[in-house]
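**Q**
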Amino acid sequence: SMVGVVVSVVGLAITIWASLKAKNAAEQARDAARQVKDRIATLDTLADVSAALAIMEEIKRLQRAGAWQIALDRYSTLRRHLVRVEQVNPGLTESHRKQLSRAIVQFRIIETKVEETMGMQEIQKHSVVVFNRTVSTQIDAIEKVLTAIKQAGV
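For the sequence shown, the working numbering gives the first residue as 4, with consecutive numbering after it.
#1: Kindly indicate which residue of 74, 60, 150, 103 has the alpha-carbon position closest to the one of residue 121.
#2: Hey, is the region 39-58 in contact with the region 109-117, meaning 3+ C-beta pairs nearer than 8 Å?
#3: Apply the 10 Å Cβ neighbour rule to residue 153 and answer buried if 16 or more other Cβ atoms are within range, or exposed otherwise.
#4: Hey, which unbroken runs of the alpha helix (DSSP H) at 4 residues or more fall wholly within the region 96-136?
#5: How about residue 78 and residue 39: do their beta carbons lie closer than 9 Å?
#6: Check whether the Cβ atoms of residue 85 and residue 44 sit closer than 9 Å, and answer yes or no.
#7: Helix, strand or coil for residue 27 per DSSP?
#8: The alpha helix (DSSP H) that contains residue 74, what's its start and end?
#9: Thinking residue 72 and residue 134 are a contact (beta carbons under 8 Å), I'd like their distance in whole angstroms, please.
#10: Nearest by alpha-carbon distance to residue 90: which of 131, 103, 15 is it?
#11: Could you check the C-alpha separation between residue 141 and residue 95 for me, to the nearest Å?
#12: Rank 60, 151, 76, 97 by C-alpha distance to the C-alpha of residue 115 and give the top, closest one.
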């Protein structure tokens, strides 16, 4: 009968509408979860970058004071933070990634020079100046990366 057909068509329309609504809700939930995940990753990255900057300032003080053994420990901690930032944050530009890579290489070079020199003699004042100039240059560069991450992600 005609009433049966109309009821079936209306029932089908309601079923389609309900399934579309459920699909939309699931997509919205997935999008919200992705946004939360991205926000947490950004906050983790900001924490890593901030920690790296603080460690770099500390390294400069340690080098001035001649506390080389402690400075060596801080270099490896610093590199771990920078490596995490470089690898975890998909939103970094290529130039920021290159800057992080350069910083990681620079700190590995200084760490190696300190280790080699410690075994032979007292590290010269000239080396402290050169090392701290390098650290200061990297601080400026990493500050720019921090600003870019804040603007992009938070």
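Every residue gets a Cβ at the ideal spot worked out from N, C-alpha and C, and that includes glycine.
**A** Let me spell this out:
#1: Looking at 74, 60, 150, 103, the one whose alpha-carbon comes closest to that of residue 121 is 74.
#2: Cβ pair count under 8 Å is below three, so no.
#3: Residue 153 comes out exposed.
#4: The region 96-136 is shown to contain whole alpha helix (DSSP H) runs of 4 or more residues at 97-123, in chain order.
#5: If you check the CB distance, residue 78 and residue 39 do not come in under 9 Å.
#6: Residue 85 is not a Cβ neighbour of residue 44, given a cutoff of 9 Å.
#7: Under the three-state reduction of DSSP output, residue 27 falls in the helix class.
#8: 71-91 is the span of the alpha helix (DSSP H), which, as asked, contains residue 74.
#9: Between residue 72 and residue 134 a beta carbon distance of about 15 Å is seen, past the 8 Å cut, so the two are scored as non-contacting.
#10: For residue 90, the closest of 131, 103, 15 by C-alpha to C-alpha distance is 103.
#11: About 17 Å.
#12: Residue 76 holds the alpha-carbon nearest to the alpha-carbon of residue 115 among 60, 151, 76, 97.
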